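Below is one structure, written out as structure tokens; the observations come after it.
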Amino acid sequence: MSDTNDTDGGPSAGGDEFDAPTVTCERCDREWDLSTEFEDLGVGNHAVEQFALDHRRHTGHFPDGIGTWRAVCRNCPEEVQRLASDAATRWAETHVRHTRHSVEIHHATSDEVTVVGGDSESE
Ligand SMILES: [Zn+2]
Ligand SMILES: [Zn+2]
């Protein structure tokens, strides 16, 4: 009858929906299990992003396999770094909309640079 469901009503810790990410760094010769951060933040990507940014802040480099997309304005000193291309692109588009500046997006995974905004360049 009474269903003593006294476990906390948070999202079920099924464990197979998300895998707690593991981050490795060859330069530090270390490996980190982010399950704690992962649970705290709830959103996996943010845990990894936060970890990567912290790691770089402390060591000057990113862990393995992690790079940031950098959106750098050509007209003013604004720039951001994001792990997700969408986030960098969204920042760039918003910046362009408000300022009409053009913003370079430096890809995380290659040397490619995408330019957003500015006067529409003819092809
Ligand atoms: Zn490292
Ligand atoms: Zn700008």
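Numbering-wise, the sequence shown is residues 29 to 151 according to my numbering.
Cβ atoms here follow ideal geometry from the backbone N, Cα and C, with glycine treated the same way.
Treat the numbers as computed from the prediction; the structure is a model and nothing was measured.
Enumerated in chain order, which unbroken segments of the beta strand (DSSP E) with a length of 3 residues or greater are wholly contained in the stretch 52 to 101? 58 to 61 and 97 to 101
Chain-order list of residues whose beta-carbon lies under 6 Å from that of residue 99 (same chain, five-residue window excluded): 108, 116, 119, 120, 131 and 133
How many whole angstroms separate the CB atoms of residue 90 and residue 62, which I take to be in contact at a CB cut-off of 8 Å? Actually they do not touch by this definition, with Cβ atoms about 14 Å apart.
Report the residue from 111, 144 and 114 whose alpha carbon sits nearest the alpha carbon of residue 125. 144
At a cut-off of 7 Å, is residue 56 close to ligand 1 when judged by its beta-carbon and the heavy atoms of the ligand? yes
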